[in-house]
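Beneath this line is the structure, given in structure tokens, with notes to follow.
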Amino acid sequence: MKEFDIKEKERIQVINVLRNKADDKGWTKVFHRGNSGPIHASELKPKKKMKKVPQKMKHKLDLPFYKFQKVEKKKKAFEDLREQFERDQALIERMKREKKFETVSKANDSNI
Numbered sequence: 095m096k097e098f099d100i101k102e103k104e105r106i107q108v109i110n111v112l113r114n115k116a117d118d119k120g121w122t123k124v125f126h127r128g129n130s131g132p133i134h135a136s137e138l139k140p141k142k143k144m145k146k147v148p149q150k151m152k153h154k155l156d157l158p159f160y161k162f163q164k165v166e167k168k169k170k171a172f173e174d175l176r177e178q179f180e181r182d183q184a185l186i187e188r189m190k191r192e193k194k195f196e197t198v199s200k201a202n203d204s205n206i
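For the sequence shown, position 89 matches number 183 in this note's numbering, and the numbering has no gaps at all.
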């Protein structure tokens, strides 16, 4: 494996030398190195793209696939809204009893 790594480094050095060298007519030869990546595993760095893939997959998994799943999701959202509305109503009633809540019409009358 070490021999291969040494040969790869030499090959890359030759390509880099040739890349900067012009021929007789002044033309520079273009070499396609490709996406060869690091030579040793120790040179590997974590890629940011790898972290984003699970987030995309998670988003796709949350989407309903069947029609009944869409209906259930809408029903659940509506029930959650109704529960929040009932909690808000209870809070307003409690604040009215404690005289901490003033309706809009009462607030306008006191300013006049």
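Glycine residues also receive a C-beta, built at the ideal position from the N, C-alpha and C atoms.
Task: residue 118 to residue 95 span [Cα, whole Å] - done: 38 Å
Task: Bridge partner(s) assigned by DSSP for residue 116 - done: 122
Task: Cβ-Cβ separation, residue 167 to residue 158 (assumed contact under 8 Å), whole Å - done: 5 Å
TODO: Below 6 Å CB to CB, which residues in the same chain sit around residue 191 once its five sequence neighbours on both sides are set aside?
DONE: none
Task: First through last residue of the alpha helix (DSSP H) which encompasses residue 166 - done: 161–191
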